[in-house]
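First the structure, in the form of structure tokens, and then the observations on it.
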Amino acid sequence: MADPLTSSTTPAAMTGIPTSRAPASTLPDGYGPRSRWLDRRLPVISLLRREYVVYPTPRNLNYLWNFGALATVALAMLILTGIFLAIAYTPTAAGAFASVEAIDRQVGSGWVIRSTHMAGASMVFAALYVHTFRSLYYGSYKEPREVLWLTGMLLLVMMMVTAFAGYVLPWGQMSYWGASVVSGAISSLPGIGHPLAVWLQGGDTIGDVTLHRYYALHFVLGFLILGAVVLHVVALHVTGSSNPLGIEVKGPQDTLPFHPYYTSKDAIGVVLFLIAFAVLVFYLPGWLTQPDNYIEANPYSTPADITPEWYFAPFYAVLRAVPSQLGGLLLSAGSVLVLFAVPWLDTSPVHSARFRPLYRIAMMLLVVAFLLLLACGLHRPAGIWLALSRIATLYWFLHFLVLLPLLGGIETPLKLPDSIGRPVLPPRQATISTAGAGLPMPDGAMAQRMEND
Amino acid sequence: MRPPTHLACKSFLAAGVLAALLGGRAEAQQLQALPVPPQDWSFRGATGRFDYASVQRGFAVYSQVCASCHSLRQMTYGDLSSLGLDADQLHDIAASQPVPAGTDAAGNVVLRAATPGDHFRLPYANEAAARAANAGALPPDQSRLAGTIQGGPSFIQAYLTGFRDTPSSVTLGPGMHYNIYVPGNAIAMPDVLHDAHVRYTDGTRATTPQMAHDVSNFLAWVAQPHLEERHRLGIRVLVYLTLLLVLVAVLKRRVWASVRI
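Order-wise, the sequence lines are chains A and B.
Counting from 1, position 315 in the first sequence corresponds to residue 315 in my numbering; the numbering is continuous, with no gaps.
Counting from 1, position 58 in the second sequence corresponds to residue 58 in my numbering; the numbering is continuous, with no gaps.
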């Protein structure tokens with residue numbers, strides 16, 4: 001650090017960097033002159049260090065906290081493979097199906113890129129659903145993380161729109177008739193429904209213009225999602241991660257630096273996730289897809305069953321649980337939109353379901369309801385499946401609109417631990433970290449987060 | 001009659017799809033389709049491989065029999081290279097097929113010999129021509145048929161050997177044929193495979209069941225041409241990821257060793 005040109009304490013006159021602003025670079029010792037040179041001009045190194053190296057993370061995160069990272073990995077795969085698919089794809093009613101066949105048959109490595117893209121959609125939704133249910137179970141949406149939750153729900157909706165638009169692109173039978181079901185549902189809105197459907201599909205019928213629009217929508221949304229992920233991560237790093245106990249971090253004794261602790265823990269999750277991904281791509285390519293989508297779209301031949309991809313099945317089941325088309329649409333949209341209101345519907349100050357005996361049961365029932373709806377969406381809405389889809393739909397709304405507001409008042413939560421570090425650390429370690437760590441904290445200290453970087 | 005089984009149910013559906021594709025009209029009296037005999041295909045399972053000798057013979061059956069009515073529009077002649085055919089053979093196969101090459105100065109359609117880059121020649125100029133030649137039925141394209149049809153290659157094989165003389169108790173509509181594996185036992189497609197109908201160059205006897213088996217193998221390959229490559233690459237990826245998992249697990253244990261949770 002003797003070199004005057006590279007030392008972080010160099011006067012501004014010698015480096016040419018104005019002093020009117022506080023120096024953005026806060027790199028500690030151990031970084032070379034080039035890193036310091038760059039970081040004083042664009043603080044990318046110190047930013048990454050702050051957010052992904054020293055970022056203080058609750059020490060008690062379990063493997064359910066991997067799923068955000070897993071969704072990001074799947075999204076990255078989707079965007080990378082999507083760019084290559086876009087190069088070879090033709091967005092016209094006459095050429096789309098053949099261009100997808102050509103990608104599969106004649107384009108070099110096209111089959112593996114397309115198969116990865118298809119499986120990627122399933123993997124990203126699987127990760128997102130676990131991620132969302134984890135947040136619901138541990139109350140991760142509660143103060144001060146409401147905006148973090150809202151950005152996450154925005155991401156979920158964007159992902160759904162993108163997946164729907166993407167599914168239309170191969171122009172198979174399910175693409176066409178799936179688009180037709182959605183158009184029909186939108187048309188059922190009073191007043192604006194028909195004009196909205198016509199505007200979306202660019203005409204009275206689903207055709208060339210629709211395909212062009214959905215292609216542009218699919219492509220652009222992929223990158224907008226990337227932007228929304230940045231918002232989500234920024235919001236996360238403002239409040240810090242939630243944790244299974246649902247109590248706030250009270251000091252350095254409660255946290256571990258993100259690297260190497262959670263980078264190594266996430267790495268295990270990522271590799272396991274990639275193994276599941278690879279099994280899907282290489283050994284079960286037809287497991288989660290509809291074979292009918294390899295029959296070219298034919299407006300004159302309705303398939304016997306219009307089945308959605310599994311990740312839309314729960315919402316499709318809600319759509320069909322109601323005899324009225326408009327009612328089905330409103331409930332189906334409502335079943336997603338109600339999630340946005342969750343931070344304000346939940347009246348309990350306790351975050352984690354571990355300390356909420358009634359909410360815990362309600363949450364388990366919610367997961368069962370979701371899985372039931374998933375199964376119902378893949379079967380004809382008749383007999384037992386129709387009955388089950390109605391019961392599950394009822395519970396879905398009951399949970400969010402009735403149980404969440406009520407439970408806060410009637411439930412007696414279990415006693416919360418004093419801190420994350422205290423109940424788990426041996427006394428010796430807990431008492432040496434900070435003076436107050438061994439003592440019960442006043443309530444006001446709960447929301448404070450230590451800035452130890 | 002054997003009692004209806006799960007397979008019977010599947011083949012019933014399969015035949016329904018086929019009948020619908022072929023535009024066939026099922027008889028009002030729904031005659032029971034026989035269950036499709038299960039087949040032990042070599043390409044099944046995680047290590048499945050194609051029996052390429054059979055797939056190649058199946059190509060002979062396709063090009064000498066099926067191709068006169070059924071298109072294979074997503075395939076190029078060059079795609080056959082992964083069947084084990086060399087460049088000369090591909091060139092010869094393609095060159096024997098006349099494909100449209102625009103028009104001459106007078107507006108007449110000109111034909112030229114195909115090249116390996118060309119897609120398979122279509123048997124009919126358009127759908128109307130195909131229907132007109134087949135009593136109103138449209139022979140389905142076969143590019144993905146083995147994947148989209150219920151029952152898959154096993155159904156195709158059974159179906160091709162399922163044609164019988166129409167029993168006296170059954171009256172078929174005009175242009176329909178009797179097949180024990182389709183619902184209503186009626187289908188627009190005639191019985192096309194007859195013993196020694198196709199000449200096999202490898203000495204295999206071209207019996208009807210043999211040809212049905214070979215062409216079903218061929219159509220299974222056509223529907224999933226990268227199956228073997230997919231299985232091979234998958235093993236490598238999984239071995240790599242498993243080793244990585246071990247390393248990452250060791251790393252995580254070491255990193256967390258000093259942390260009491």
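The beta carbon of each residue, even a glycine, is placed where N, CA and C say it ideally should be.
Remember, it's a predicted structure, so these values are computed and weren't measured experimentally.
The shortest C-alpha to C-alpha distance from L236/A to any of Y52/A, G178/A and V124/A is the one to Y52/A. In terms of Cβ geometry, G78/B and G45/B do not form a close pair [threshold 8 Å]. Of the residues T72/A, T81/A, A121/A and W177/A, the one whose Cα lies closest to the Cα of I306/A is W177/A. Per DSSP, P323/A lies in no alpha helix (DSSP H) and is assigned neither H nor E. With contacts defined by Cβ atoms closer than 8 Å, F59/B and A220/B do not form a contacting pair. Distance check between P299/A and each of H399/A, Y137/A, I192/A and I206/A places I206/A closest, using alpha-carbon atoms only. In the same chain as Q142/B, and ignoring 5 residues on each side of it, the C-beta atoms closer than 8 Å to its own belong to Y62, C66, H70, S71, L72, L219 and V222, in chain order.
With fewer than 16 other CB atoms across the displayed protein chains lying within 10 angstroms of its CB, F223/A is exposed.
The alpha helix (DSSP H) runs lying completely inside the region 137 to 173 of chain A and spanning 4 residues or more are 146 to 168, given in chain order. DSSP places R131/B in the uninterrupted alpha helix (DSSP H) bounded by E127 to A133. When Cβ pairs closer than 8 Å are counted between the two stretches, the region 313 to 333 of chain A is seen not to touch the region 341 to 351 of chain A, the count staying below three.
Between the C-alpha atoms of E248/A and I420/A there is a straight-line separation of about 8 Å. Setting aside the 5 residues that flank it on each side, T72/A is surrounded in the same chain by V229, each with a C-beta closer than 7 Å to its C-beta; the list follows chain order. With respect to A278/A, G48/B sits apart: the two C-beta atoms are not nearer than 8 Å. Within the region 29 to 59 of chain A, the complete beta strand (DSSP E) runs of at least 3 residues fall at 56 to 58. Within the region 59 to 80 of chain B, the residues whose Cβ lies closer than 9 Å to some Cβ of chain A are R73, Q74, M75, T76, G78 and D79, listed in chain order.
Look at S143/B: its C-beta is under 8 Å from a C-beta on chain A.
Residue contact with chain A for R205/B: absent (no Cβ-Cβ distance below 8 Å to any residue of chain A).
Of all C-beta pairs linking the region 181 to 193 of chain B to the region 147 to 159 of chain B, three or more are shorter than 8 Å, placing the two stretches in contact. Annotation for P260/A: no beta strand (DSSP E) segment contains it, and DSSP assigns it neither H nor E. Identification of residues in the region 51 to 75 of chain A having a C-beta nearer than 8 Å to some C-beta of chain B yields R59 and N60, given in sequence order.
In the pairwise beta carbon analysis, the region 185 to 204 of chain B is classified as touching the region 127 to 146 of chain B: at least three pairs are separated by under 8 Å. For P153/B, the uninterrupted alpha helix (DSSP H) segment begins and ends at G152 to L160.
Sequence-ordered contacts of the region 247 to 271 of chain A with chain B read L256, P260, Y261, S264, K265, A267, I268 and V271 [C-beta pairs closer than 7 Å]. The distance from the Cβ of L193/B to that of M211/B is about 5 Å, consistent with a contact at the 8 Å cut-off.
Nearest neighbour of L231/A by Cα position, chosen from R380/A, W149/A, A179/A and M160/A, turns out to be W149/A. The alpha helix (DSSP H) runs of length 4 or more contained entirely in the region 75 to 101 of chain B are, from start to end of the chain, 87 to 95.
Spanning the alpha carbons of I93/B and G108/A requires a straight line of approximately 22 Å.
In this structure, DSSP gives F282/A a helical state, which the three-state scheme calls helix. Look at N179/B here: in three-state DSSP terms it is strand. Of the residues assessed, M364/A falls on the exposed side of the cut-off, its CB having fewer than 16 other CB atoms within 10 angstroms. Under the Cβ criterion of 8 Å, A382/A is not counted among the residues facing chain B.
Secondary structure at V109/B: strand, using DSSP grouped into helix, strand and coil. The Cβ of H231/B sits closer than 8 Å to at least one Cβ of chain A.
In the structure shown, H231/B falls within a helical segment according to DSSP collapsed to helix, strand and coil. Contact with chain A is absent for G107/B, since none of that chain's Cβ atoms lies less than 8 Å from the residue's Cβ.
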